[in-house]
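Each remark here refers to the structure printed beneath this line.
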C-alpha cells in the first residue's frame, strides 16, 4: 500500500469511526435528559408547600418541618430566658456584694469612731482617777501628819494624864492606881512550868458576875511601863519564837474595844461603843494563865423532856429559853449559848432567859442589805485610797505584832431576884486580858488570851495555791499590802494591819474587774481588834426560825440542793461590818448566820484526814458554793473545825484547825472553789454538839457558814 493509502487508513478511517460512534452517544444523552425532565416535571407536579413557604414531598414532611421549627423556637426561647435569668442573678449578686462591702466599710468606720471615743473616754477617766488619787494621797498625808503631830503632843505628857486614871481591881482583890501597879502573886516562870492541876479551869473564866478573877497574876513586870529601859523585860515570848513566825509580841497599849464572853446585858445595848466613846469603868486585869490540859465538861441541868425540846426546836420564837438539839445530851444550838453554858454558872440559863424575854421577837431579814440596815455605808474612795497607796516593796513576808493585852468592855448584869424576874445592870467593867504566845507548830500559833487559849493559822500559804509570784509592800501606820499574782493573770490584793487583821481583800481579773471579799474599816485603826469578842456586848440572841432551817446536816439531806440554804441572809440584824478576825473570835457574831454541818465526813479520832469516798460527799455543797460565787465572786465562807473532848484542849485546837484546812483544800483543789473565798478556823472542843467527855463522832466535824454579810458592806457591787 502506497503512502496515501496508509495515511487514509490511519487517519480517515478512525475519524469516520468516531463520528459513527458519537451519534449513538448523543442520542442516548438526549434521551436521558428528556427522561430527567419528565421526572422533574412529575415531581413538581406532586410537591407540597409547607406553612413556612418551603416545599416538601408530602404533608408529613411539612408536619415534621413544622415540629422541628417549633422545637427550635422553644429551645431558643428557653435559652434566652436562662441567659436573662443568669444575668439577673449575677446582677443581684453583684449588688449584694457591693451592699455588703459598703456595710462592712460603714461598720469598720463606726467601730473606729467608737474605739476613738472609748480611748478618749478612757484617757479622761484615767486622768480623773489620777487626779482623785493624787488628792487622796495628799489628804492621807495631811491626815497622817496631823495624827503624828497629835501623837507627839500626847506622848509629851503621858505622866500628866496617869494620875486621873480609874482605879484598878487587881486579881487578888486589892485596888491600885493602874494595872501595872497590881502586885504579882507569883513570878512568871512558875506559871509556865506549873502542873496543869494547879491552874484554873478554862471552863470557868472570869467573865461571870464576879468581875475579879481568882487566878494568880503570872507577870512579874508591868506591861505598860512608859520607861524605855523596862520594855525588854516585858516581852519574854518573842525570844522563844522562831525567826519566821508570823506573830511577834508588841508592847502597844491596848484600846478598849468590846467584851469577852456572853455576859447578859440590857437589850438596848446593840453594840459596843466606839473606842473613843467608851465610858470609864472599873478595870479588871486577867493575866494570861494556861488552862488545864484536860478540863472536865461542865454539867448543865436541863429538866425539859425530849418532847419539849423538840417542840422548841420546831418553833424557837415561842420561847425565850435556851434552844438545844432535841437528842440525848444535845448541846445548845447557838454557839454563844454553849459559851455561856461552859462558864458553869448554876443560873446562867435563867439569866439569859430573862434577858431574852425583854427582847421582842423580830422576823429574820430577807436580804443581806436589809440585815445590815443602817450600818455605816460603803465609801469607795476610802477603799481606793488604801489599794492605791504607794508602798515600799520588801522581799520578805511580814511578821505581825501580838498585842501584850486586849481590853474588853463588859456590861455586868446581876440577877437580883430570879423569882420575880428582876435584873439590873450594875456597872461596866473594862476587862484587860493579857495576851501571850504559848506555842508555835507548823504554820499555827497557840495564843493565851486571859484565861483561855486560841489557835491562829497562817492562811497565806493556802492562798498561794496556783500562784505565779507574791510580793509585799510596807504602807503607813504599820500596814502591809500583799499581792499574789496567779498564772491566769488575776491578782489577789490584801491589806493587813500591824496585827495581821485584814482591812481589805480584793481579787482583780485580767480584764481589770475588782471583786471585794473583805472590807472592814474598823480594822484600819491603831487599836488591836484581834482576840476580842466584840459580840459579847450584845444581848443573848433569840432564834426566830426553826432549827432545821438554821442548821442543815449533810447526812440527813445528802441529795439536797444547798444553794437556797447558803444564799439565805443572816437570821438577825448586823450592827456593823466586822473584820474576819472579829467574826472568828465571836460566837455571838457567827450565830447570826446559818451553818451546814458536814457530818458525812467522819474524822477518825485524832486525825484530820478525809477518805476519798467521804470527800465525794462534798460535791453537792461545793456545787451550791459555785452557784453562790457565780452570782457574786466576792462571797466568803467560814470553814469551822471541831473535835470531841478526848485529849488536851491545846492539841484539840491544833487538830480542829487542821480539819478545817483539810476541807478547805478539798474544796479548792478538787472542786475549784478559790482559796480566797474560804477562811478557816479551829475551835477544838469548845463547841461540842453532844455534851460528853467521851469519844463522840458527832463532835468530830466541820461546819460551813456564809459570812459575807458580816465582813463586807452590802453596798459593794460585785454582781
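Residue numbers (mature numbering (1 follows the signal peptide of the UniProt record, and there is no 0)): -29 to -1, 1 to 690. Idealized CB from N, CA, C, for every residue including glycine. The structure displayed is predicted, hence computed values, not measured ones.
{"Item": "Got a sec, what are the start and stop residues for the alpha helix (DSSP H) residue 274 sits in?", "Value": "Run containing residue 274: none; DSSP gives neither H nor E here."}
{"Item": "Apart from the five residues just before and just after residue 588, which ones in its own chain have a Cβ nearer than 8 Å to its Cβ?", "Value": "525, 529, 569, 571, 572"}
{"Item": "Compute the distance between the beta-carbons of residue 281 and residue 294, then report whether it is under 8 Å.", "Value": "no"}
{"Item": "What three-state label does DSSP hand residue 374 in the structure shown?", "Value": "strand"}
{"Item": "In chain order, what residues of the same chain lie with their CB nearer than 6 Å to the CB of residue 635, ignoring the 5 residues before and after it?", "Value": "610, 649, 651"}
{"Item": "In chain order, what residues of the same chain have a beta carbon less than 6 Å from the beta carbon of residue 632, not counting five sequence neighbours either side?", "Value": "651"}
{"Item": "What residues are listed by DSSP as bridge partners for residue 609?", "Value": "650, 676"}
{"Item": "Considering only the beta carbon of each residue, do residue 593 and residue 550 sit closer than 8 Å?", "Value": "no"}
{"Item": "Apart from the five residues on each side of it in sequence, which residues of its chain come closer than 6 Å, Cβ to Cβ, to residue 470?", "Value": "371, 372, 499, 501"}
{"Item": "To the nearest angstrom, report how far apart residue 291 and residue 257 are at their CA atoms.", "Value": "32 Å"}
{"Item": "Taking buried to mean at least 16 other C-beta atoms within 10 Å of its own C-beta, is residue 674 buried or exposed?", "Value": "buried"}
{"Item": "My assumption, with CB atoms under 8 Å, is that residue 680 sits in contact with residue 343. Please give the rounded CB distance.", "Value": "6 Å"}
{"Item": "Please classify residue 420: does DSSP put it in a helix, a strand, or coil?", "Value": "strand"}
{"Item": "By a C-beta neighbour count over all protein chains shown, 10 Å radius and 16 as the cutoff for buried, is residue 28 buried or exposed?", "Value": "exposed"}
{"Item": "Rank 47, 368, 584, 645 by C-alpha distance to the C-alpha of residue 599 and give the top, closest one.", "Value": "645"}
{"Item": "Whose C-alpha, out of 273, 463, 566, is nearest the C-alpha of residue 440?", "Value": "463"}
{"Item": "Mind checking whether residue 637 and residue 581 have CB atoms under 8 Å apart?", "Value": "yes"}
{"Item": "Expressed to the nearest angstrom, what Euclidean distance is found between the alpha-carbon atoms of residue 39 and residue 65?", "Value": "39 Å"}
{"Item": "Using the Cα positions of residue 93 and residue 86, report the straight-line distance between them to the nearest angstrom.", "Value": "10 Å"}
{"Item": "Can the beta-carbon of residue 628 be found closer than 8 Å to that of residue 653?", "Value": "yes"}
{"Item": "Is there at least one non-hydrogen atom of the ligand GTP closer than 7 Å to the beta-carbon of residue 79?", "Value": "Absent from the structure shown: the ligand GTP. Ligands present: none."}
{"Item": "Consult DSSP for residue 440 and reduce its assignment to one of helix, strand or coil.", "Value": "strand"}
{"Item": "Buried or exposed: residue 669, going by 16 or more other Cβ atoms within 10 Å of its Cβ?", "Value": "buried"}
{"Item": "Would you kindly report the start and end of the unbroken alpha helix (DSSP H) that includes residue 535?", "Value": "534 to 537"}
{"Item": "Measure the C-alpha to C-alpha separation of residue 523 and residue 613 and round it to an integer number of angstroms.", "Value": "16 Å"}
{"Item": "Looking at C-alpha atoms only, which residue of 73, 297, 340, 330 is the closest neighbour of residue 686?", "Value": "340"}
{"Item": "Just reading off the beta strand (DSSP E) that residue 360 is part of, what are its end residues?", "Value": "From DSSP, residue 360 is part of no beta strand (DSSP E); its letter is neither H nor E."}
{"Item": "Counting only runs of 4+ residues fully inside the segment 497 to 575, write out the alpha helix (DSSP H) ranges in chain order.", "Value": "518 to 521, 534 to 537, 551 to 556, 558 to 561"}
{"Item": "Is it buried or exposed, residue 458, if we count other Cβ atoms within 10 angstroms and call 16 or more buried?", "Value": "exposed"}
{"Item": "Taking all protein chains shown into account, decide if residue 483 is buried (16 or more other Cβ within 10 angstroms of its Cβ) or exposed.", "Value": "exposed"}
{"Item": "Using the Cα positions of residue 676 and residue 608, report the straight-line distance between them to the nearest angstrom.", "Value": "6 Å"}
{"Item": "Taking residue 457 as part of the beta strand (DSSP E), name the residues at either end of that continuous run.", "Value": "451 to 457"}
{"Item": "Taking DSSP's pairing of strands, which residues face residue 696 in a bridge?", "Value": "The question about residue 696 has no answer here: the residues shown for the chain are numbered -29 through 690."}
{"Item": "Under three-state DSSP, which class holds residue 405?", "Value": "strand"}
{"Item": "Quick one, which of 55, 328, 103 has its alpha-carbon nearest residue 510's?", "Value": "328"}
{"Item": "Indicate the three-state DSSP secondary structure (helix, strand or coil) for residue 588 in the structure shown.", "Value": "helix"}
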